[in-house]
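Trainee:
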Amino acid sequence: MKDKRILYVSSEVVPYLPETEISSMSFEAPRMVNKQGGQIRIFMPRFGNINERRHQLHEVIRLSGINLVINDLDMPLIIKVASIPKERIQVYFIDNEDYFKRKATLTDEDGKLFSDNDERAIFFAKGVIETVKKLNWAPDIIHVNGWLASLLPLYLKEFYKTEPLFTESKIVTSVYNQSFEGTLDNTMIDKVNFDGIDAEASKLLKEPDYNNLMKIAIDNSDAIIKGSKELPAELESYINDLTKPVLDYFSIEEFADPYTDFYTNTVLNS
117 MKDKRILYVS SEVVPYLPET EISSMSFEAP RMVNKQGGQI RIFMPRFGNI NERRHQLHEV
177 IRLSGINLVI NDLDMPLIIK VASIPKERIQ VYFIDNEDYF KRKATLTDED GKLFSDNDER
237 AIFFAKGVIE TVKKLNWAPD IIHVNGWLAS LLPLYLKEFY KTEPLFTESK IVTSVYNQSF
297 EGTLDNTMID KVNFDGIDAE ASKLLKEPDY NNLMKIAIDN SDAIIKGSKE LPAELESYIN
357 DLTKPVLDYF SIEEFADPYT DFYTNTVLNS
């Protein structure tokens with residue numbers, strides 16, 4: 117992986133949020149590539165329950181200050197950055213007072229999904245892409261983890277399809293068994309289509325449940341990784357019917373060689 121550029125986009129990363137399959141792999145995979153001499157960038161939301169002082173987050177003024185239009189409203193984009201201790205790895209945080217200040221991630225204290233999670237997902241996807249454009253950093257691979265990041269492949273393939281920085285980028289999505297009950301806001305499809313996204317490409321968002329969000333990501337990715345040993349049956353079947361490359365599940369103790377081989381010999385050659 118020497119000198120290859122990999123952009124990791126994740127809803128959660130350790131040590132900033134508790135250990136889960138997603139947060140652990142979103143740290144271990146970049147660390148692996150970093151040790152192999154690859155260039156990496158990690159992006160995640162700056163949720164309000166991340167302790168900025170303890171983790172030494174600071175705003176990057178030169179990257180902040182853009183307004184992103186979400187459902188016809190201007191929403192300011194704030195970029196913060198921190199370094200993972202003992203690793204030469206920087207993490208970029210997508211922030212906005214309205215979407216990410218609350219002291220929680222995706223649900224309230226009763227476990228109920230936040231009503232604006234759909235807009236947060238749109239903001240996160242557009243915020244990552246706009247920041248990478250400002251960095252003028254063209255990734256060879258973009259690796260997506262977690263359903264809050266699931267719109268990124270769609271936006272890259274539709275909204276940003278003429279952006280030359282991403283012309284050669286390959287998109288990989290890891291699919292996990294870390295879902296949610298019910299659906300996001302049922303007007304989500306209107307907010308996505310407001311951005312000029314093709315109606316056919318977004319039609320699954322008429323019912324924005326976990327499976328359909330992941331199918332949207334899968335459909336707009338170049339390759340898929342099974343991030344959990346067991347996936348929802350509907351997604352397992354959907355993935356098994358694909359003609360694009362799929363890497364089976366590997367545990368965190370044994371993923372390094374299969375991931376390296378998949379990135380190098382399958383994804384970059386597809």
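Start counting the sequence shown at 117; every next residue gets the next number (my numbering). Note that the Cβ used here is the ideal one computed from N, Cα and C, for glycine as well. Computed from a prediction, not measured in an experiment: that's the story for all the values here.
Just to confirm, are I355 and K342 a CB contact at a threshold of 8 Å?
Mentor: In this structure, K342 lies closer than 8 Å to I355 by Cβ.
Trainee: Inspect the beta-carbon positions of V129 and M160 and report whether they are closer than 8 Å.
Mentor: Yes, the pair counts as a contact, with Cβ atoms nearer than the cut-off.
Trainee: S290: which of F366, Y132, N150, S386 sits nearest, CA to CA?
Mentor: Per the Cα distances, F366.
Trainee: Checking the sheet assignment: what are the DSSP bridge partners for F378?
Mentor: BP columns for F378 are empty, so no partner.
Trainee: What span of residues does the alpha helix (DSSP H) with S142 cover, start to end?
Mentor: Here the alpha helix (DSSP H) through S142 covers 137-151.
Trainee: Can you tell me where the alpha helix (DSSP H) with I186 in it begins and where it stops?
Mentor: Not the alpha helix (DSSP H): I186 falls in the beta strand (DSSP E), residues 183-186.
Trainee: Check the DSSP bridge columns for S209 and list the partner residues they point to.
Mentor: Correcting the residue type first, residue 209 is Phe in the shown sequence and not Ser. In the DSSP output, where bridge partners are listed per residue, F209 has M160, K196.
Trainee: With DSSP run on the structure shown, which of helix, strand or coil describes K307?
Mentor: K307: helix per DSSP, three-state reduction.
Trainee: What residues are listed by DSSP as bridge partners for I258?
Mentor: In DSSP, I258 forms a bridge with L123, I287.
Trainee: Are the Cβ atoms of G243 and L321 separated by less than 8 Å?
Mentor: No; because the gap between Cβ atoms is not below 8 Å, this pair is not in contact.
Trainee: For the beta strand (DSSP E) containing A339, name the first residue and the last one.
Mentor: Counting along the chain, the beta strand (DSSP E) containing A339 begins and ends at 339-342.
Trainee: When the Cα atoms are used, what is the spatial distance from I305 to S318?
Mentor: Spanning the two alpha carbons is a distance of roughly 7 Å.
Trainee: Which residues does DSSP list as the beta-bridge partners of T223?
Mentor: Bridge partners of T223: L229.
Trainee: Pull up the distance between the alpha-carbon of F350 and that of T359, whole angstroms please.
Mentor: At residue 350 the sequence reads Glu, which differs from the Phe that was named. Cα to Cα, E350 sits roughly 17 Å from T359.
Trainee: Should K277 be labelled buried (16 or more other beta-carbon atoms within 10 Å of its own) or exposed?
Mentor: By the neighbour-count rule (16 or more Cβ atoms within 10 Å), K277 is not buried but exposed.
Trainee: Looking only at C-alpha atoms, which of E369, D335, D325, E370 sits nearest to P348?
Mentor: Comparing Cα positions, the closest option is D325.
Trainee: Identify whether E175 lies in helix, strand or coil by the three-state DSSP scheme.
Mentor: The answer is strand: DSSP assigns E175 an E or B state.
Trainee: Assign H174 to one of two classes, buried (16 or more other C-beta atoms within 10 Å of its C-beta) or exposed (fewer than that).
Mentor: H174 should be labelled exposed.
Trainee: With distances taken from CA atoms, which of L281, G154, F209 is nearest K250?
Mentor: That would be L281, whose Cα lies nearest to the Cα of K250.
Trainee: Drop a sphere of 10 angstroms on the beta-carbon of W263, count the other beta-carbons inside from all chains shown, and report buried for 16 or more, exposed for fewer.
Mentor: W263 should be labelled buried.
Trainee: If you compare alpha carbons, which of T136, N150, Y132 is closest to K120?
Mentor: Taking only the C-alpha atoms, the option nearest K120 is N150.
Trainee: L179 and T247 look like a contact to me (Cβ under 8 Å); what is the Cβ gap, rounded to whole Å?
Mentor: That pair is a contact at about 6 Å.
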